[in-house]
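Anchor point for the sequence shown: position 315 equals 385 in my numbering, and the numbering is continuous, going up by one each time.
Just so it is clear, CB atoms sit at the ideal spot from N, CA and C, and this is done for glycine as well.
Only a predicted model underlies this, so the values are computations on that prediction, with no experimental measurement involved.
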Amino acid sequence: MSTAATISHEAASQRQHTRMKVAAQAIIDGKVYQTSDWSVGGVCIKDYEHNVSIGDILLPQMRFNFDGFDMTIDVELAVRHINDQQNIIGGAFSQMSWQQLSLLHFVRDAYLSGEIIDAGDILHVLQRDNSARVRTTSMPEAEKTPRRAVFEALRKNFGLLLFVVAAVLLSAYVLVNLYTRTFVVAAEGAVTSPFGTVLRAPTSATVTSFAVKPGDRVEPNQILASMERVDGSVLNVVANCRCVVGERLAQLGAPLSRAAPIISLAPVRGKVETTLVVRLKELRKVSVGDKVAINFFNDDSEAFGRVKSILLPGLTDPETLERTGLKVPDLAGSVVVEFDQEVGPGRLGQPVSGRIRTLRIGL
71 MSTAATISHE
81 AASQRQHTRM
91 KVAAQAIIDG
101 KVYQTSDWSV
111 GGVCIKDYEH
121 NVSIGDILLP
131 QMRFNFDGFD
141 MTIDVELAVR
151 HINDQQNIIG
161 GAFSQMSWQQ
171 LSLLHFVRDA
181 YLSGEIIDAG
191 DILHVLQRDN
201 SARVRTTSMP
211 EAEKTPRRAV
221 FEALRKNFGL
231 LLFVVAAVLL
241 SAYVLVNLYT
251 RTFVVAAEGA
261 VTSPFGTVLR
271 APTSATVTSF
281 AVKPGDRVEP
291 NQILASMERV
301 DGSVLNVVAN
311 CRCVVGERLA
321 QLGAPLSRAA
331 PIISLAPVRG
341 KVETTLVVRL
351 KELRKVSVGD
361 KVAINFFNDD
371 SEAFGRVKSI
381 LLPGLTDPET
391 LERTGLKVPD
401 LAGSVVVEFD
411 QEVGPGRLGQ
421 PVSGRIRTLR
431 IGL
């Protein structure tokens, strides 16, 4: 039997599969029919005597003869052409798997090139993943809109965009942590105090009561506290301005000497400052004028200021430790911060946390 390939081409509407007149047979219901030609897209069967109509589905086995063995492929054939005069029907393969398509392509190429193949070659083709991919048809330029073009670009590059976003987020996280570790100094403790007047005891006496509490607004000559002298006489401490009460600097029942601090006042429009305690190792990074962010604990609001002065004692003085809540002396320094904005009277005496930003651009 001659296996020389006679090549023709289908019409453009039939996808231009290479059509060959080679030795191939179709087995339908156990009966063997010869083929006039076949391609990867379909086959023409000769001498088919059964009544069929256009659109009917047949289930033939395509058998190809090679040297030493035969190969059959189960296919599904949709009838597309009927020639009653020559008893020839033509059909198109449908519902083809990628293994079937790979085998048909391989057999076609083998016939066209005259290559000698064996069963091992067939098994090798079956093991390869040559699955077909959905081919996107190009859209006419007239139908493309800017929105559709953007959508198509995003769809095609979604994986790349996802990778870029993840890389940007990771880089931002690393940079923020690096900036925080390098250029931000956290304060161990802080309180807000008024930048104003401190009323002191005019004579030796004992504080018996306070008429106001921190944050209260007071008018001139308003009584703030009462004191009892050694001889039993009572002395009232009054405000000397329209102010906001700051801290109580004396304890009830504690004897005070002359000029001892009793209470602090801040003018209503006066400035407010806060004292930060910073460990000496971190304090070396801080300079006067550095920006400071202050967070208030009671409502999580934030204010900003600048470093006004830096104190470098060998050990933090007990008064600062008591004001900031630190009970154990530590090798630390005190940083006084002056607020850039007006702070309400309710902030006075409130604990805060501070972050000193030591990055100085242009210096």
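### Message
Let's see if you can read the secondary structure: which residues bound the beta strand (DSSP E) around L230?
### Response
As a working note, residue 230 is residue 160 in the sequence shown. First-last for L230: 228-253, but that is the alpha helix (DSSP H), not the beta strand (DSSP E).
### Query
Would a check of beta-carbon distances place P290 closer than 7 Å to chain C?
Absence of chain C from the displayed structure is noted, only one protein chain being present.
### Query
Hey, G375 and F409: beta-carbon distance below 7 Å or not?
Counted from its first residue, the sequence shown places residue 375 at position 305. Counted from its first residue, the sequence shown places residue 409 at position 339. A contact, by the Cβ cut-off of 7 Å.
### Query
Any chance the CB of V282 is under 6 Å from a heavy atom of the ligand MG?
Ligands in the displayed structure: none, and consequently the ligand MG is not present.
### Query
Out of curiosity, what's the CA-to-CA distance linking I332 and E352?
Here residue 332 refers to the residue found at position 262 when the sequence shown is read from its first residue. Here residue 352 refers to the residue found at position 282 when the sequence shown is read from its first residue. Each residue's alpha carbon lies about 34 Å from the other.
### Task
For the beta strand (DSSP E) containing L269, list its first residue and its last residue.
In the sequence shown, the residue the question calls residue 269 occupies position 199. Counting along the chain, the beta strand (DSSP E) containing L269 begins and ends at 267-270.
### Task
Closer than 8 Å by C-beta to Q155: which residues in its own chain qualify, once you throw out the five before and the five after it? Chain order, please.
What you label residue 155 is simply residue 85 of the sequence shown in a count that begins at 1. Correct list: empty, nothing qualifies.
### Task
List the residues that DSSP assigns as beta-bridge partners of C114.
Locating residue 114 in the sequence shown gives position 44, counting from the first residue. DSSP, once it has assigned bridges, lists D107, G160 as partnering C114.
### Task
Tell me, please, which residues DSSP counts as bridged to R133.
Position 63 of the sequence shown, counted from the first residue, corresponds to residue 133. In DSSP, R133 forms a bridge with Q95, T142.
#### Entry: Helix, strand or coil at R178 [DSSP, three-state]
What you label residue 178 is simply residue 108 of the sequence shown in a count that begins at 1. The answer is helix: DSSP assigns R178 an H, G or I state.
### Query
To which residues of the same chain is N291 closer than 7 Å at the C-beta, ignoring the five residues directly before and after it?
As a first step, residue 291 is located in the sequence shown; it is residue number 221 there, counting from the start. V308, A309, listed in sequence order.
### Query
What number of angstroms, rounded off, separates the C-alpha of K101 from the C-alpha of S183?
Locating residue 101 in the sequence shown gives position 31, where the first residue counts as 1. Locating residue 183 in the sequence shown gives position 113, where the first residue counts as 1. It is roughly 30 Å from the alpha-carbon of K101 to the alpha-carbon of S183.
### Message
Taking 8 Å as the cut-off, does the segment 243-259 touch the segment 272-287 (at least 3 CB pairs, one atom from each stretch)?
### Response
no
### Query
Roughly how many whole angstroms lie between the Cα atoms of R178 and D137?
Taking the first residue of the sequence shown as position 1, residue 178 is located at position 108. Taking the first residue of the sequence shown as position 1, residue 137 is located at position 67. About 16 Å.
### Message
Helix, strand or coil, according to DSSP, for K361 in the structure here?
### Response
Within the sequence shown, residue 361 is the residue found at index 291, counting from 1. Residue state, collapsed to three classes: strand.
### Message
Is the beta carbon of V244 closer than 7 Å to that of S334?
### Response
Translated into the one-based positions of the sequence shown, residue 334 becomes position 264. Translated into the one-based positions of the sequence shown, residue 244 becomes position 174. Against a cut-off of 7 Å, the Cβ pair of V244 and S334 comes out as no contact.
### Query
Curious, which full-length beta strand (DSSP E) runs of at least 3 residues does the segment 281-368 contain?
Runs of the beta strand (DSSP E) inside the segment 281-368: 293-299, 304-308, 313-318, 331-337, 342-349, 361-366.
### Message
Using C-beta distances below 6 Å, list every residue in its chain close to S279, excluding the 5 sequence neighbours before and after it, in chain order.
### Response
For the purposes of this step, residue 279 is taken as residue 209 along the sequence shown, with counting starting at 1. Annotation for S279: S296 place their beta carbon closer than 6 Å to its own, counting only its chain and skipping 5 residues before and after.
### Message
Below 8 Å on the Cβ atoms is my contact criterion, and I expect A96 with V113 to pass it. Report the Cβ-Cβ distance as a whole number of Å.
### Response
Position 26 of the sequence shown, counted from the start, is the residue given in the question as residue 96. Position 43 of the sequence shown, counted from the start, is the residue given in the question as residue 113. Separation of the CB atoms of A96 and V113 is rounded to 6 Å, and the pair is thereby assigned contact status at 8 Å.
### Task
Please list, in chain order, all residues of the same chain as F134 whose beta carbon is under 6 Å from its beta carbon, the five residues on each side excluded.
Here residue 134 corresponds to residue number 64 of the sequence shown, with the count starting at 1. Result list for F134: A94, M141, V177, in chain order.
### Query
Taking Cβ to Cβ, would you say E146 is nearer than 7 Å to S172?
As a first step, residue 146 must be located in the sequence shown, where it is residue number 76. As a first step, residue 172 must be located in the sequence shown, where it is residue number 102. Not in contact: E146 and S172 (Cβ atoms no closer than 7 Å).
### Task
Pick out whichever of F366, V362, F367, D370 has its Cα sitting closest to the Cα of V377.
For this step, residue 377 is matched to residue 307 along the sequence shown. The shortest Cα separation from V377 among F366, V362, F367, D370 belongs to V362.
### Span of the beta strand (DSSP E) around G375
In the sequence shown, counting from the first residue as 1, residue 375 sits at position 305. Per DSSP, G375 belongs to the beta strand (DSSP E) from 372-381.
### Task
Check R430 in the structure and name its three-state DSSP category.
Reading the sequence shown from its first residue, position 360 is the one you call residue 430. The answer is coil: DSSP assigns R430 none of H, G, I, E or B.
### Message
Please state the DSSP three-state secondary structure of A257.
### Response
Stepping through the sequence shown from its first residue, residue 257 is reached at position 187. Of the three classes helix, strand and coil, the one that applies to A257 here is coil, per DSSP.
### Query
Going by the CB atoms, is the gap between A275 and L305 shorter than 7 Å?
One-based indexing of the sequence shown puts residue 305 at position 235. One-based indexing of the sequence shown puts residue 275 at position 205. Yes, the Cβ-Cβ distance between L305 and A275 is below 7 Å.
### Message
Less than 8 Å between C-beta atoms, sequence neighbours within five positions excluded: which residues of the same chain meet that for S327?
### Response
As a working mapping, residue 327 is identified with position 257 in the sequence shown. Within the same chain, S327 has close Cβ partners A271, S274.
### Message
Alpha carbons only, please: which of I98, L128, G161, E119 is nearest the one belonging to W108?
### Response
For the purposes of this step, residue 108 is taken as the residue at position 38 of the sequence shown. Comparing Cα-Cα distances from W108 to each of I98, L128, G161, E119, the minimum goes to G161.
### Query
Around the C-beta of R318, are 16 or more other C-beta atoms found within 10 angstroms, so that it is buried, or is it exposed?
Looking up residue 318 in the sequence shown gives position 248. Taking every protein chain shown into account, the CB of R318 has 16 or more other CB atoms within 10 angstroms, so this residue is buried.
### Message
Taking 7 Å as the threshold (C-beta atoms), are I152 and I115 in contact?
### Response
Residue mapping note: residue 115 aligns to position 45 of the sequence shown, counting from 1. Residue mapping note: residue 152 aligns to position 82 of the sequence shown, counting from 1. No, they are not a contact pair.
### Message
Quick check: the Cα distance between I98 and Q131, rounded to an integer number of angstroms?
### Response
Numbered from 1 along the sequence shown, position 28 holds the residue referred to as residue 98. Numbered from 1 along the sequence shown, position 61 holds the residue referred to as residue 131. The straight-line gap from Cα to Cα measures roughly 7 Å.
### Message
My output table needs one value for V422: the three-state DSSP class, helix, strand or coil.
### Response
Here residue 422 refers to the residue found at position 352 when the sequence shown is read from its first residue. Correct three-state label for V422: strand.
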